[in-house]
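Novice: Residues in the sequence shown are numbered consecutively from 91, following the working numbering.
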Amino acid sequence: MQQAMACVPVRNLLVEEINRTSNSVTLSFPLRMRPWFSKFTSAFGHEPPVQKKRLELDELGTFCWTRINSQRTVQDIATELSKAYQLHPEEARVAVSQFIRQLGKRGVIGLKEGEI
Numbered sequence: 091m092q093q094a095m096a097c098v099p100v101r102n103l104l105v106e107e108i109n110r111t112s113n114s115v116t117l118s119f120p121l122r123m124r125p126w127f128s129k130f131t132s133a134f135g136h137e138p139p140v141q142k143k144r145l146e147l148d149e150l151g152t153f154c155w156t157r158i159n160s161q162r163t164v165q166d167i168a169t170e171l172s173k174a175y176q177l178h179p180e181e182a183r184v185a186v187s188q189f190i191r192q193l194g195k196r197g198v199i200g201l202k203e204g205e206i
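#1: Should residue 185 be labelled buried (16 or more other beta-carbon atoms within 10 Å of its own) or exposed?
#2: Could you tell me which residues DSSP pairs with residue 118 in its beta bridges?
#3: When the Cα of residue 172 is compared with those of 191, 107, 182, 189, which residue comes out closest?
#4: How many whole angstroms separate the CB atoms of residue 115 and residue 155, which I take to be in contact at a CB cut-off of 8 Å?
#5: Taking residue 94 and residue 160 to be in contact with their CB atoms under 8 Å, please state how far apart those CB atoms are, rounded to whole angstroms.
#6: What does the Cβ neighbour count give for residue 165, buried or exposed, with the cut at 16 atoms within 10 Å?
#7: Within the continuous beta strand (DSSP E) that includes residue 98, where are the two ends?
#8: I'd like to check one pair, residue 98 with residue 117: are the Cβ atoms closer than 8 Å?
#9: Where does the unbroken alpha helix (DSSP H) through residue 193 begin, and where does it stop?
#10: Run through DSSP, which three-state label would residue 158 get?
#11: Check for me: the alpha helix (DSSP H) holding residue 91 runs from which residue to which?
#12: How would you write the range of the beta strand (DSSP E) that residue 204 sits in, first residue to last?
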């Protein structure tokens, strides 16, 4: 767990912020194609179509997203969330970890190893 919290989230450069307000942001990112579909379209000489998906973040998601800057660790973001919203530190760690995991599954961010 300590190693995971020391990782640094990095934004995917293909992700765009759209409709940003003070409490929410909508992200637009390319949808991952299934390998078989990509091979199928390539076999007929076509490039697979680029499809985009949108993800609207709530207030807490927006708070975390704005702090992902390729320098802060997951723990740093959790600590800031805990202080800003007066959450128990463990509750903030769980919330940030789940948020980071979901963004990672969608290809919106990646993780690089931080220093322990």
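Note that CB positions come from ideal geometry on N, CA and C, so glycine has one too.
Specialist: Reading it off the structure:
#1: buried
#2: 106, 144
#3: 182
#4: 6 Å
#5: So it is not a contact: roughly 17 Å between Cβ atoms.
#6: buried
#7: 98-101
#8: no
#9: 179-195
#10: coil
#11: Looking at the DSSP string, residue 91 is not in any alpha helix (DSSP H), and its letter there is neither H nor E.
#12: That residue, residue 204, is in no beta strand (DSSP E); it is neither H nor E in DSSP.
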